[in-house]
Each structure stands twice: as C-alpha cells, then as structure tokens.
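**Q** Just so you know, we're using our numbering here: the sequence shown kicks off at -8 and counts up by one.
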Amino acid sequence: MQGGEDRAFGKGSTAYNRFNGDPDFTPNPCLAPIATGPFYAVEVVVGDLGTFAGLRSDGHARVLDRAGRPIPGLYAAGNDMASIMGGNYPGGGITLGPALTFGYIAGRHLAGDAALAPARPDAA
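See the structure below:
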C-alpha cells in the first residue's frame, strides 16, 4: 500500500461529486474539509459472522450438559446461546435483543433473583 493524497478521490463527472454537495442547495454542514490532525488509519478487512445452533440452555440462561442438567456457573447469551434462529443469521443485529434479555436474566439468576427469569417447562 502506498501512502499519500489522492487528489481525485470523490471527484466524479457530475456536479454533485465534483463539489461534494448539491450546488443548487446549501451544502450539508457536515461536509467539510478535514484539515486538523493528527490523523489515524485502520485497515478494514472482510469478516464473516455466522453462528450454528449455539449452546443449549434453560430459561435462566444456564448452559445445559448432554443430559439436560445445568452446568454450575456456566451461562450463555446472544450468539453463544441456541436460539429460535436454529443456526441461521437472517440479518445484522438479530441477536442483540436475545443477548440483552438473556444477559439480564443470567445476571439476575446469578444474583439470586431467579423469580425474574421466565418459567419454561425445560427450566430446572
């Protein structure tokens, strides 16, 4: 990779691209030169987010062993927990709600407030 300034960056064949804004309207105040350093860069690479099934757990977010018994002190939430997605990931952020919910449930259970966790038939 070579350093330096690309003077043609963002300059296209249309008036909008050449002037970084619509010349017929007041430019967005957020579009302005970045003139004051220091400047930093980070390399961004392609990544993959995929989960498959996750750890089997109960209604208190406790991870279950092969026999269906809670493993003492082991909890799961979010991408680490098996979910109704069945190993699929239909869209970005889909696991945030369950992560927050079961993180909260696990924390309350660890604190001794199991009454706040939902009752499920498979909960032990």
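Beta carbons are placed, not taken as given, at the ideal position from N, Cα and C, and that holds for glycine.
Using only the alpha-carbon positions, how far apart do Ile75 and Pro63 sit?
**A** For this step, residue 75 is matched to residue 84 along the sequence shown. For this step, residue 63 is matched to residue 72 along the sequence shown. Near 24 Å, if we compare the C-alpha coordinates of Pro63 and Ile75.
**Q** Pick helix, strand or coil for Tyr95, following the three-state DSSP scheme.
**A** Locating residue 95 in the sequence shown gives position 104, counting from the first residue. Of the three classes helix, strand and coil, the one that applies to Tyr95 here is helix, per DSSP.
**Q** Nearest to Gly59 by alpha carbon, out of Ala90, Ser48, Tyr95, Ala73?
**A** By one-based count along the sequence shown, residue 59 stands at place 68. Looking at the Cα atoms, Ser48 is the closest of the given residues.
**Q** With Val54 as the anchor, note down where its beta strand (DSSP E) starts and where it stops.
**A** Here residue 54 refers to the residue found at position 63 of the sequence shown. Element bounds for Val54: 53 to 55.
**Q** Rounded to the nearest angstrom, what separates Gly84 and Gly77 at their Cα positions?
**A** Translated into positions along the sequence shown, residue 84 becomes position 93. Translated into positions along the sequence shown, residue 77 becomes position 86. The alpha-carbon atoms of Gly84 and Gly77 are separated by roughly 16 Å.
**Q** For Gly28, does the count of other Cβ atoms within 10 angstroms reach 16, so buried, or fall short, so exposed?
**A** The residue given as residue 28 occupies position 37 in the sequence shown. Exposed, by the Cβ-count rule.
**Q** Using the DSSP secondary-structure output, state which residues sit across from Ser48 in a beta bridge.
**A** Taking the first residue of the sequence shown as 1, we reach residue 48 at position 57. For Ser48, which the question treats as bridged, DSSP gives the partners Val54.
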